[in-house]
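Structure first, commentary second.
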Amino acid sequence: MVENRRQRLIAVSNRVPPKASFENQGKGEAAAGGLVTAVRAAMEQSGGLWFGWSGRSTRRRVSAGHTITDFGQIQLATMDLSDDEVSLFYLGYANRTLWPLLHSFPTRVVIRRDTYRAYRRINRRFAETLYPLLQPNDLIWVQDFHLFHLGYELRQLGWQGRLGFFLHVPVPSADVFSILPWAQNTLEALLQYDLVGLHTDRYLRNLVDSLDVELGGEFHVEDGGNYYTYDGHTAQLGVFPIGIDPDAFNPRAHTDTPSLADELMLADMPDRKLILGVDRLDYTKGIPHRLRIFERMLERHPNLGSEVLYVQISSPSRTRVPEYIHEKEQVERLVGQINGRFSQTGWVPIRYLYRSYAQSELANFYHDTDVCLVTPLRDGMNLVAKEFVAAQGEKSPGVLVLSRFTGAAEAMRDAVIVNPYDIEGTAEATYRALRMPVAERRRRNRSLTAVVKRDSSQNWSDSFCAALRRTSIR
Ligand code: F6P
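Residue numbers (the working numbering): 1082 to 1555.
Shown next, in the form of structure tokens:
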């Protein structure tokens, strides 16, 4: 281990930004998901080392080894995985076991011992590859469910410095979490971190419940902080709602990128109302439910006729996982059915775009939108909700329709809050949102903008790192 007195931030995540995105300063790059965007903002501010999977896989077995590239004050260190490792660790345990479990889809959870063993092996290899790069004073911040055991493995190697962990997804109720045969072991590993961060109070309460059920340690609150003590050591638990950089979505900053009307060639429909959905194509986002909600609204309000257009942008995600292949087929079938049923000459109700857009383009699309439907069945936070609000402006803001099952709904109380399982109720709420008077839209948008500015990505990383620095060293 190299000695150095300066405190460096070390971010560790499975997914890191592609090198090309540093080379062209993110211009033209499609949004890479909430984790990468928010961690990147933190790294750009403080500098440091970012360690993760290169995104590449090789046919042969891979031994511990890494590549480091300097991008100004950020050093990007990556390691490769083999094809087998990607399929067992990432596609298997991360995406078919932990993902549905943590998002409360118990019937989709796949339990396999070989994928769990691969997950443990890869967490160990992350630790063994990272450890020689560390300096004693470093602040290590591990991201997300792919790396629950990384802290434990680093401790096994002798790391005594500060270790933080942030979970970007929800924490389910203790009943759901206990489906995992390795629940106890996973929670023991989690408590090896000095600070565990979550998006919301609800997730924190669920985590404490699971810790009580699985481990039976002791929870206590001291000086406003939450602590859990088990087997002789104590971890701090905290709530740090992730956010965005609101300025990046100010459409005035993106006058050179196309509007949604340009992109869809809508010049001949000047009075149309636009409904927008933007998601990774993931079953947690509830896109089929949303399509049925739109269909129900057209059934109940035939007077809407060609006045309204629903644009659904679905970015490709985890395309080799069977559940995602099935979801894509289901969404495409439904879009076809609804368009077939309602289209009239010169009007097709749904435009479906299976692709990603750059942040600057999305900012313009949000700005042009009348109603943004953010209706996941479960979502850790959901940054589309925040991006949409940041892109509105004061004159004639659009309306955010937000699922109560997102982390974002905990603070964004002035959105139109809906239950997406209730197709009828959400269809009516969407109709009312389309008809909402401008004074009410402005009032709601002012209050939501204040939340988005307060809970920014900057505030998220600053407050987490400050809390981690305050934890006592072992
Ligand atoms: O934890 C959720 C998350 O990491 C998001 O930040 C991101 O949108 C998504 O998952 C990306 O998933 P993947 O890395 O599997 O493409």
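Note that beta-carbon positions come from the ideal geometry of N, C-alpha and C, so glycine has one too.
Classification of residue i by the beta-carbon crowding that lies within 10 angstroms, buried from 16 upward
i: lysine 1467; result: buried
i: glutamine 1224; result: buried
i: serine 1542; result: buried
i: glutamate 1376; result: buried
i: serine 1094; result: buried
i: methionine 1346; result: exposed
i: threonine 1196; result: buried
i: histidine 1566; result: Outside the shown range of the chain (1082 to 1555) lies residue 1566, about which nothing can therefore be said.
i: glutamate 1166; result: buried
i: alanine 1531; result: exposed
i: proline 1587; result: Nothing can be reported for residue 1587, as the shown portion of the chain is limited to 1082 through 1555.
i: lysine 1476; result: exposed
i: glycine 1232; result: buried
i: asparagine 1384; result: exposed
i: arginine 1525; result: buried
i: glutamine 1317; result: buried
i: serine 1553; result: exposed
i: valine 1302; result: exposed
i: glutamine 1273; result: buried
Between the CA atoms of residue j and residue i - distance to the nearest angstrom
i: tryptophan 1428; j: proline 1369; result: 21 Å
i: valine 1083; j: tryptophan 1134; result: Only weak support is given to the placement of valine 1083: the predicted model assigns it a pLDDT of 44, under 50, and the value that follows is read from those uncertain coordinates. Near 23 Å, if we compare the C-alpha coordinates of tryptophan 1134 and valine 1083.
i: asparagine 1085; j: serine 1528; result: At asparagine 1085, the pLDDT of 44 sits below 50, so the modelled position is not reliable; the number obtained from the coordinates is stated separately. Distance between the alpha carbons of asparagine 1085 and serine 1528 is about 45 Å.
i: phenylalanine 1132; j: serine 1168; result: 20 Å
i: proline 1457; j: phenylalanine 1300; result: 31 Å
i: tyrosine 1447; j: serine 1437; result: 14 Å
i: serine 1398; j: tyrosine 1405; result: 8 Å
i: asparagine 1331; j: glutamine 1440; result: 11 Å
i: tyrosine 1311; j: histidine 1249; result: 24 Å
i: arginine 1523; j: aspartate 1495; result: 11 Å
i: methionine 1124; j: glutamate 1388; result: 45 Å
i: leucine 1549; j: serine 1102; result: 29 Å
i: glycine 1313; j: isoleucine 1374; result: 51 Å
i: arginine 1201; j: threonine 1511; result: 45 Å
i: lysine 1354; j: threonine 1450; result: 8 Å
i: aspartate 1282; j: serine 1544; result: 16 Å
i: tyrosine 1391; j: tyrosine 1309; result: 47 Å
i: leucine 1162; j: leucine 1211; result: 15 Å
i: leucine 1357; j: valine 1120; result: 27 Å
i: glutamine 1473; j: alanine 1342; result: 16 Å
i: asparagine 1287; j: leucine 1454; result: 27 Å
i: threonine 1148; j: arginine 1236; result: 23 Å
i: aspartate 1164; j: proline 1213; result: 25 Å
i: alanine 1471; j: threonine 1365; result: 24 Å
i: glycine 1305; j: valine 1320; result: 12 Å
Own chain residues within Cβ distance below 6 Å of residue i, not counting five before or after
i: leucine 1464; result: Gly1115, Ile1325
i: glutamine 1265; result: Glu1295
i: glutamine 1539; result: none
i: serine 1127; result: Leu1090
i: alanine 1514; result: Val1452, Val1480, Val1482, Val1497
i: histidine 1367; result: This sequence places glycine at residue 1367; histidine is not what is there. Cβ neighbours of glycine 1367 beyond the five flanking positions: Thr1456, Pro1457, Leu1458, Pro1501.
i: glycine 1461; result: His1249, Val1250, Pro1251, His1280, Gly1488
i: histidine 1227; result: Asn1095, Ala1175
i: leucine 1379; result: Phe1423
i: asparagine 1307; result: Leu1318
Other residues of its chain near residue i: CB distance less than 7 Å, five sequence neighbours each side excluded
i: threonine 1150; result: Lys1100, Leu1157
i: methionine 1517; result: Val1480
i: aspartate 1256; result: none
i: isoleucine 1498; result: Leu1483, Arg1485, Ala1490
i: isoleucine 1192; result: Thr1178, Pro1262
i: leucine 1268; result: Ser1291, Leu1292, Glu1295, Leu1296
i: valine 1190; result: Thr1178, Pro1181, Leu1182, Ile1260
Residues near residue i by beta carbon distance below 8 Å, same chain, minus five either side
i: glutamate 1442; result: His1335, Thr1338, Pro1339, Glu1344
i: valine 1416; result: Leu1372, Gln1393, Ile1431, Tyr1433
i: serine 1185; result: Pro1251, Pro1253, Ser1254, Val1257, Arg1459
i: glutamate 1234; result: Asn1204, Arg1205, Phe1207, Ala1208, Glu1209
i: isoleucine 1621; result: Here the chain comprises residues numbered 1082 to 1555, so residue 1621 is not present and cannot be evaluated.
i: valine 1402; result: Leu1172, Asn1176, Arg1177
i: alanine 1492; result: Pro1322, Val1532, Asp1536
Distance between beta carbons of residue j and residue i, contact taken as under 8 Å
i: proline 1253; j: leucine 1362; result: That pair is no contact at about 22 Å.
i: valine 1452; j: valine 1482; result: 6 Å
i: threonine 1279; j: leucine 1285; result: Correcting the residue type first, residue 1279 is leucine in the shown sequence and not threonine. Right, their Cβ atoms sit about 5 Å apart.
i: isoleucine 1260; j: proline 1187; result: 6 Å
i: aspartate 1219; j: glutamine 1088; result: 7 Å
i: isoleucine 1221; j: leucine 1244; result: 5 Å
i: arginine 1414; j: alanine 1508; result: No, arginine 1414 and alanine 1508 are not in contact; Cβ-Cβ is about 20 Å, not under 8 Å.
i: valine 1289; j: phenylalanine 1246; result: 15 Å between Cβ atoms; not a contact.
i: alanine 1092; j: glycine 1129; result: 7 Å
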